[in-house]
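Inspection log for the structure reproduced underneath, given as structure tokens.
Numbering (this note's numbering), first residue to last: 143 to 447.
Structural data, given as structure tokens:
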């Protein structure tokens, strides 16, 4: 049997390419305004081609920031190694993790960060401070930062994909499911809602005076945060990853998203069934006093133009 360390080193040497997956918000709708991967790229290696993000290999330095920043986990690729010793995260000046990554490491039990130098890199300090601000809002103790050398350990250098894949338990399964030279970091594990299910990281607001119950938002939401039934328009922001697609595609501008941390909750807006005073058909509406269906209202508006 191949030793774990040798197998891991072999995986590191494999050729691979970063890729944008089909469930990217901009692939789902041309009205999407998401720019997270592009804005996070330090070398501008991602640009829009025909309205869709494309990674340019000649400019990509494989920093992995696009993978971590994508709100819908639609960027596939490996991320830099991290050094974990004795359940502590050792700072690496070459690659600083994102706040999202630190929050996931925190839930994996790695709550102490060690700086083995006399002074901390300002960017590291800013990232830790931001992570601790989020943890405070989540009701969690902050990261502990130590300025000391960490003694020798039997723990090997741990990459992010090793941490999330749980190599020892899942190695055989991974080998069967993934083809050589196509190994990928499990980007789906970068969904914060899976680690903090009791909280939501955004607030979704609905303007009931504008909404026409067209269901475009519900159809395109892959997180099932929006559900329109015969009796209610339900909004559950706990699973929302802030891709903003619902806000972008709403033809009436009835949905707005704001980043904020709060306990996970579901908001139900009642849907009324009324009879249209113009065509006599029944229709659903969020406004109890509405007497014309949306089709007839639009028809009357066009007639006045």
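C-beta: ideal position from N, C-alpha, C; glycine also.
Since we're looking at a predicted model, the values are computed, not measured.
For residue 180, the enclosing alpha helix (DSSP H) covers residues 178-182. Listed in chain order, the non-local C-beta contacts of residue 287 below 7 Å within the same chain comprise 255, 257, 270, local neighbours out to five positions each way being set aside. The shortest CA-to-CA distance from residue 173 to any of 345, 417, 395 is the one to 395. Cβ atoms of residue 408 and residue 415 stay farther apart than 8 Å, at about 22 Å.
According to DSSP, residue 425 shares a beta bridge with 416. Under the 10 Å beta carbon count, residue 161 is surrounded by fewer than 16 other beta carbons and is classified as exposed. Going by DSSP, residue 286 is part of the beta strand (DSSP E) stretching over 286-288. Put simply, of 404, 234, 182 the residue whose alpha carbon is nearest the alpha carbon of residue 380 is 404.
Buried is the label assigned to residue 188, since at least 16 other Cβ atoms lie within 10 Å of its Cβ.
Sequence-distant partners of residue 370 (beyond 5 residues in either direction) whose C-beta falls short of 7 Å from its own C-beta, in its chain, are 355, 357, 360. Under the criterion of beta carbons closer than 8 Å, residue 178 and residue 211 qualify as touching, at roughly 5 Å. Assigned with DSSP and collapsed to three states, residue 189 falls in strand. Straight across, the Cα-Cα distance linking residue 238 with residue 224 is about 9 Å.
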